[in-house]
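Visitor:
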Amino acid sequence: MSSEDKAETTEHSLRGRVALVTGASGGIGHALARALARDGAAVAVAYGIGRQAAESVADSIIAEGGRAVVVGGDLSSADGPVRLVQEAEKKLGPVEVLVSNAGRGERHTLEDLTVEEFDRTLAINLRAPFLLAQRTIPDMSERGYGRVLFMSSTAAFIGGIVGPHYAASKAGLHGLTHSLASRFASSGVTVNALAPALIANTGMLPGMPEQLSAQIPLRRLGQPAEVADLALSILRNPYVTNQVISIDGGIHPG
Ligand SMILES: NC(=O)c1ccc[n+]([C@@H]2O[C@H](COP(=O)([O-])OP(=O)(O)OC[C@H]3O[C@@H](n4cnc5c(N)ncnc54)[C@H](OP(=O)(O)O)[C@@H]3O)[C@@H](O)[C@H]2O)c1
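Following numbering that gives the first Met the number 0, the numbering of the sequence shown begins with 0 at its first residue and continues without gaps.
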């Protein structure tokens with residue numbers, strides 16, 4: 000069978016894979032964890048302080064017949080990301096699918112942004128994804144299979160409404176994606192980033208703040224399930240790597 004034929008017949012689902020989803024106690028992460036579990040992955044549902052929310056995500060996965068465990072830790076510390084991976088691997092085995100989704104988005108202007116808030120945002124939104132990738136990708140590469148997805152934001156392209164610290168942290172993920180994807184593509188590890196615009200029913204945008212819809216060509220905010228749907232198809236597909244893919248109702252022409 001030629002390699003093209005093999006690629007066509009390979010089972011691309013995440014069935015039996017071990018996935019770590021950070022920020023799974025939040026709005027988008029909840030939808031991501033459930034989508035991965037429905038595709039057959041065993042999911043480590045990670046939280047920062049929202050243990051109860053993470054437990055209820057894991058319970059709903061288990062109620063649907065899936066496999067999930069809860070893992071927790073503060074990703075703003077330098078050793079937090081490595082400890083989180085260790086906890087996930089102790090409970091489920093080697094992480095094969097990393098969805099680095101946890102993020103901080105406190106709104107600030109250039110004038111009122113403190114150096115402490117800048118550093119904290121960069122630690123959670125950029126350093127932690129780097130450390131998670133550094134801890135997991137070499138093992139994925141050795142085993143010949145891995146999926147990494149970083150949660151970016153349209154803010155990385157257009158600035159956005161949160162502030163310069165947030166936009167800069169998300170833009171950094173794009174450089175990380177390109178650096179890692181090209182290095183590890185030949186060993187079966189894909190690395191991509193997803194850049195949503197305004198997603199409703201999340202901790203960052205609670206409820207459906209309709210006043211923001213006017214900025215969006217589609218005239219509505221996105222839903223966590225729509226982000227999860229696209230994330231899953233990127234994670235399943237072995238031929239998509241080194242991409243930053245937008246899901247933004249048409250705000251930013253790609
Ligand atoms: N909502 C949007 O409009 C939007 C748009 C573009 C991109 N995004 C990105 O999407 C991702 C998910 O955000 P969301 O919209 O779902 O908001 P969310 O509901 O507020 O979720 C944020 C998640 O990040 C986790 N987190 C924050 N700080 C952490 C820390 N120090 N250690 C560990 N975990 C931490 C939170 O965990 P705990 O609550 O358990 O601490 C929570 O699960 C973020 O990266 C965000 O930047 C969101």
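Just so it is clear, CB atoms sit at the ideal spot from N, CA and C, and this is done for glycine as well.
Suppose only complete runs of 3+ residues qualify. What are the beta strand (DSSP E) ranges in the region 37-62, listed by chain order?
Guide: 41-46
Visitor: Let me know if Lys-169 comes out buried or exposed under the rule of 16 or more other beta-carbons within 10 Å of its beta-carbon.
Guide: buried
Visitor: Any idea if Ser-75 is buried or exposed, counting beta-carbon neighbours within 10 angstroms, 16 or more meaning buried?
Guide: Answer is buried; the Cβ neighbour count reaches 16.
Visitor: Measuring CA to CA, which of Ala-127, Gly-104 and Glu-54 is closest to Asp-78?
Guide: Residue Ala-127 is the option with its Cα nearest to Asp-78.
Visitor: Please report how far the alpha carbon of Ala-45 lies from the alpha carbon of Ser-212, in whole angstroms.
Guide: 30 Å
Visitor: From the DSSP output, read off the bridge partner residues of Gly-221.
Guide: Ile-198
Visitor: Would you kindly work out how many angstroms separate the C-alpha atoms of Val-94 and Val-17, rounded to a whole number?
Guide: 5 Å
Visitor: For the candidate residues Gly-26, Ala-52 and Gly-159, whose alpha-carbon lies nearest to that of Gly-206?
Guide: Gly-26
Visitor: If you draw a straight line from the C-alpha of Thr-8 to the C-alpha of Asp-73, how long is it?
Guide: Low confidence applies to Thr-8: its pLDDT is 44, below 50, so where it sits in the model is not reliable enough to give any reading.
Visitor: Taking the straight line between their C-alpha atoms, what separation do you get for Gln-242 and Val-20?
Guide: Going from the Cα of Gln-242 to the Cα of Val-20 covers about 19 Å.
Visitor: Could you check if Arg-50 belongs to the surroundings of ligand 1, using beta carbon to heavy atom distance under 8 Å?
Guide: yes
Visitor: Assuming Ala-192 and Thr-153 are in contact, meaning their beta carbons sit under 8 Å apart, how far apart are those beta carbons, in whole angstroms?
Guide: 12 Å between Cβ atoms; not a contact.
Visitor: Distance check for Leu-109 and Lys-90, CA to CA, integer angstroms please.
Guide: 43 Å
Visitor: Ignoring anything shorter than 4 residues, give me the alpha helix (DSSP H) runs that lie fully in the region 123-207, in order along the chain.
Guide: 127-142, 154-157 and 163-183, all fully within the region 123-207.
Visitor: Could you check which residue in Gly-253, Val-96, Ala-34 and Pro-163 has the C-alpha nearest to that of Asp-118?
Guide: When each option's Cα is compared against that of Asp-118, the closest is Pro-163.
Visitor: Decide if the region 222-241 is in contact with the region 175-189; the criterion is three or more beta carbon pairs, one per stretch, under 8 Å apart.
Guide: yes
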